[in-house]
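Under this note's numbering, think of the first position of the sequence shown as 86, with each following residue one higher.
We put the CB at the ideal spot given by N, CA and C, even for glycine.
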Amino acid sequence: MWPAIDSLGFKMDWKFAQRHVLRLAAATAALLLVAFLYINFNVGSSTMGEAIRVNNKTQSCIDFDPATVSEKLHSTIRLKQHTYNNAEISEFVCSILNHDMNLTAKLDCSVSIDSRYEHLRPSPSGSPRIQYYFALDLYQAVHIILPLMGAIMEAIRYLGPEYCALSIVEGRSTDGTYAILAGLKTELAAMGVPYFLVRDYLDPKAGGENRITALSHLRNLALEPLLEESKSKHSRLASKPTIIFVNDIVICPEDILELIHQRVIQSASMTCAFDWNKNAGNFYDSWVSRSMSGNLFFEVTHDGRHWLGDDMFFDHPDSAARWDQTLPIQVYSCWGGMVTLDAEPFIRGSIAFRSSDKEECYMGEPMTLAKDLWKQGRGQILAVPSVNTGYEYDQARDAKGRRGYVHDIVNHTQYNTEAELVKWQKAPPPMVKCMPVYWSKLGTDAPCPTHYTESELRTHAKESEGWNDVQDFWESVASIISRDGWTTNDRYGNAVALFKELREIGRKSMVGREGEDFEEQPQNKDPSMYWLPTLLYLGALPSCIARQIPRDDHDSSPLNEGFEKKVNWALKHFRIPGLAISVVRGEDIFAKGYGISNTETTKPVTEHTLFEGASTTKAFTAAAISLLVDDDKYPNIQWTTPVHDILPEFALEDPWATTHVTLEDILSHRSGLPRHDWIANANLTIQEVISKLRYAALTAPVRTTWQYTNLLYMTAGYLIEKQTGQELKDFLRTRIWEPLNMTETYFTPTDAQEANEDIANGYYVGSDHQCKDAGYPSPKILRGASGVLSSATDYAKWLRAMIHRRPPLSPAGHAAVTSAHSIVLPTVVPPFSSPSSYGFGWFLQSYKGHPVVQHTGAIYGFGSMVIFLPDVELGITILGNNLMSTNAVSSVLAYHIIDEVLNIPEEDRFDWAKEAEKALNVTITPDPRTLYPTIPNPPLHPPLPLTSITGLYTHPAYPTLNFTEKCSQKSIIPPLTNATTVPRLCMFFVDPAELPESLIMEIVHVSGDDWVFGSEYDGLATATKVQVKAGPDGSVERLGIEADGAMAALGEKIWWDKSD
């Protein structure tokens, strides 16, 4: 249920609020920037008069002058990048709440609302329920935000604020759109309107992005609060709510009400407006609109040169007659800038916005929506000619001036109200036209099915402008396919055969990966779809050929001599035995090994040498979950599914969190559970680890704070195994690695050794500055969070699929894993140009204006970095056999390649080498002296003898600890006082997991009850606070260590009870 107690859109855990008020406040401030922030305001009641006037001022805008402010705002609203101060935002809000179309869009909108719409206002009875759900996706919309939001606000006031909800997805705007929308929250709260504002950074026009998949995602995202509310036991939704989806258009309030009116009186599943280009000449949404003849609303000649927009419904006489009378018209599909929809099929889950599947014509999400509605017997789809809109002020004025305003049309004496109701046609058209598009719009990332030399490509690109020989081709296939794309059912088989023959000709000209990619291309197999990809395939070839002309020189390897010098410097300076590096440029892969994989045998590293990928495994685990989300065999697995629902043994410290933490939450590190890495240091199974999570403290409410944790990716891996009945390694192999021809990727060293693979040995730099064997532990318990062994070559295949958004992940899967779900850092840290966020298994940043998707990995003896920039089709993998050094130098090498590709001048490049030096110069983190800045001099003696502290300590989740005076290694912690002797105990895990042989742990006395814990492995040392507590009888009762970073930041420790 949409809660009334919480203005941030998530249920508050008041226990946490009391414990961590300051932390929660900081997290709340950060969440105002987060990619998935829902703003949900209290629902109240409001009263209103019989008709709503335009200038009905709210209390906060009493002294507001619309004319003065409107003139002022017009000086800035055309800026593509602008930041408004609070005063300006308030002026925008007041302009929206008291909008006057004559001052903004210069439209002659009706001053009052017609009594025609009185029946739309629910009768007050009991608790008000949401009848009207407004949904918008907006980007760079400041220039039309006054009339757009003003019209919506007036419609809401008329319908009754207590019966309306507003959901807006805002994406990436730099013109102030988000700030203004956020500024509406106070007024909407006062009106009693539930308001949901979500920010999503998915760019439908980004390189490699399937535009329709992206648009579908954004539209579905706007509907998420509605769907979530429908699942509540105390849902406030009315029995038959209406969705009003509005594009970034200029409208009058009556436009909204007329569409709702027509949906209600006609019992329609969907009603659409008409959006127009300048001068109201051509109908704008022609690509997604089809009449009941199956054709476009107006005729387009086969060569695409003539759009006969004045002859609407040219081949369907009944529709043309109703068009002439401006009466509602049943159509196969439409959108027109604004629609109303029956919410019921969306709530039931039988309908959602989607892109075309593999066997459909490439079409927009309104067409797939209409197609799905028809399949379910919901073909009552209306286009309403009285509602005319435009995307700019002048377009809207032209549309309404030439086509008419609603009030003028419906109140005209010639408007035939008796004929207004349509006679529904129950069956869809026998055939529906697939509108030709360019090859780049076909919904496939496969290369064009014809290959030429560069010289030939340039010649063809020039010649294709005239389409000279295409006419001869159409003549030769006229008996199978007509020029405008039609084929009959009896000729369909011949058309498909022709397509297959042409496809085979193209395939035979290809070799290697190009041929493999082409083989993955979808083929049409379903005659019931009525579309014919053959036409698109043939019509797109000229533009397809033109696209093959390289934008830059991908043939020149980035792993050149100059780069090799930089790598050799890094190997020597940072004491890394070996590195394997691969680069993806478009379709090309460049890979090479440097240094040695084993210091004893001096075996060289090659592009096929295997390294531990460590946390780069998380991307594979998230991808595997996406495959289950897309798989109809697992309907219970969705991103928003609570983990406890499908894995009952999963439980957290807090009962509410247990039942509400979703797959999305655990994969984006926003569950409230911090790292608690020590839990996995015991010799446990993953099932046993999961059973112990209920005893691990949470440090934040759900969905408020990003906290990295391996434990929940281990949980996700186990969930995959439980649901599929396969080991995680087998699922990844069959569903991801084999489809990508990743033949050098494994999940355990044993599997790789049995396959006789070349596996690098892991190392660390000891205190004597020499490389030492890390012992190569690869704990199986970490599977899901870590565990992948792979080569630079195989990782390049993985990155190529991610860059081009190819299978095995679906377009929706790609969008999900690489979209921001939580904010890592709300501030911008140079050299990046955006806050750091997290998707599913990927960190997301922006560098020099380019999106960067990356993840690093670190495990005993190994470091890794996997990074790609999708818009420039660049991917880089760096694998090394020295944990600290590899991760320090990875950014130096990766961003050298990135800067080269982006042509960044030397003087503008960030000094990554300087940062790497800083990382390696740290000997212990943090400096133990910072833990206790004020220590008595001389320090207080321990109140208890060392012998009383030694022994075993237990915790329900963490490993059992054993403290002893027998220490065989020198102390990790440097002297903190002038004391001549410092009490020290060494610590060991009882029945530990597979851990590095170099691991040393100790506690060193500071003063009184205070101690310092120190640990070191692989040359990495850490320090944290320890406290020893005595019981009433004077004996040691328990011992606390700040063993978790998030808890330490709150001043809290993990407490073990002494057991002997």
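Could you work out which residue in PRO514, SER471 and TYR476 is closest to THR502 when comparing CA atoms only? SER471
I'd like to know if the region 336 to 347 and the region 311 to 320 are in contact, where contact means that at least 3 CB-CB pairs between them fall below 8 Å. No: fewer than three Cβ pairs fall under 8 Å.
Considering only the alpha carbon of each residue, which of GLY926, SER258, ALA240 and GLY256 lies closest to ALA250? ALA240
Give the single residue among ILE1058, ASP479 and SER374 whose Cα lies nearest to the Cα of THR1015. ILE1058
Span separating the alpha-carbon of ARG321 from that of ILE215: Roughly 6 Å between the two C-alpha positions.
To the nearest angstrom, report how far apart CYS856 and ASP996 are at their CA atoms. 27 Å
Excluding sequence positions up to five away, which residues of its chain have a Cβ less than 6 Å from the Cβ of LYS142? For LYS142, the predicted structure reports a pLDDT of 41, less than 50, and the residue's modelled location is therefore unreliable. A value from the coordinates is still provided. Cβ neighbours of LYS142 beyond the five flanking positions: ASN183.
Is ARG760 helix, strand or coil when you go by DSSP? coil
Is DSSP giving GLN216 helix, strand or coil here? strand
To the nearest whole angstrom, what separates the beta carbons of THR971 and GLY948, a pair I think is in contact under 8 Å? 3 Å
Could you pull the DSSP bridge partners for CYS1071 from this structure? CYS1071 pairs with THR1049 and GLU1087.
With distances taken between CB atoms, is the gap from LEU737 to THR743 smaller than 9 Å? Closer than 9 Å, so yes.
Between the Cα of HIS981 and the Cα atoms of HIS1026, TYR932, GLY965 and PRO1018, which residue gives the shortest distance? TYR932
Given a cut-off of 9 Å, decide if LEU1105 and VAL1113 are closer than it, judged by their beta-carbon atoms. It is not a contact, given that the beta carbons lie outside the stated cut-off.
CA-CA distance, ASP260 and ALA226? 8 Å
Quick check: what's the CA-CA separation for THR941 versus LYS703? Taking the straight line from one Cα to the other gives about 10 Å.
Residues near SER922 in its chain [Cβ-Cβ closer than 7 Å; skip 5 each side]: ALA120, ALA905, SER907, ILE908, VAL909 and LEU929
For SER252, which of helix, strand or coil comes out of DSSP? strand
Quick check: the region 378 to 385 against the region 428 to 441, are there 3 or more CB pairs under 8 Å? no
Per DSSP, TRP1141 forms a beta bridge with which residues? LEU1124
SER667: buried (16+ other C-beta within 10 angstroms of its C-beta) or exposed? buried
Can you give me the Cβ contacts of GLN939 inside the same chain, cut-off strictly under 6 Å, excluding the 5 residues immediately before and after it? PHE928 and ILE952
6 Å CB neighbourhood of ALA781 in its chain, flanking five on each side removed: HIS761 and ALA1042
DSSP beta-bridge partners of VAL1113: According to the DSSP secondary-structure assignment, VAL1113 is paired through a beta bridge with LEU1124.
Which of the three DSSP states, helix, strand or coil, is assigned to ARG670? When secondary structure is reduced to three states using DSSP, ARG670 falls in the strand class.
Under 8 Å, with one C-beta from each stretch per pair, do the region 353 to 364 and the region 458 to 476 reach the 3-pair mark? With contact defined as three or more Cβ pairs closer than 8 Å, the region 353 to 364 and the region 458 to 476 are in contact.
At what residues does the alpha helix (DSSP H) containing LYS999 begin and finish? 997 to 1005
With burial defined as no fewer than 16 other Cβ atoms inside 10 Å of the residue's Cβ, what is the status of PHE511: buried or exposed? Looking at the sequence provided, one finds Lys at residue 511 rather than Phe. So LYS511 ends up on the exposed side.
Is the distance from the Cβ of PHE330 to the Cβ of LEU221 below 9 Å? yes
Going by Cα to Cα distance, which pick from PHE675, VAL746, LYS657 and ALA264 is closest to ASN645? PHE675
When we look at the beta-carbon of LYS1143 and count the other beta-carbons within 10 Å, is it buried (16 or more) or exposed? buried
Going by DSSP, what residue range makes up the alpha helix (DSSP H) through VAL850? Element bounds for VAL850: not the alpha helix (DSSP H) but the beta strand (DSSP E), 848 to 850.
The region 462 to 469 in contact with the region 419 to 431 per 3-pair CB rule at 8 Å: In short, these stretches touch, since the Cβ pair count reaches three.
Are there three or more Cβ pairs, one per stretch, closer than 8 Å when the region 706 to 718 is compared with the region 894 to 905? yes
Nearest to GLY671 (by Cα), restricted to the options PRO955, ASP739 and PHE832: PRO955
DSSP on ASN125, reduced to helix/strand/coil? In this prediction, ASN125 has a pLDDT of 32, which is less than 50 and means its spatial position is unreliable; nothing more can be read from the coordinates.
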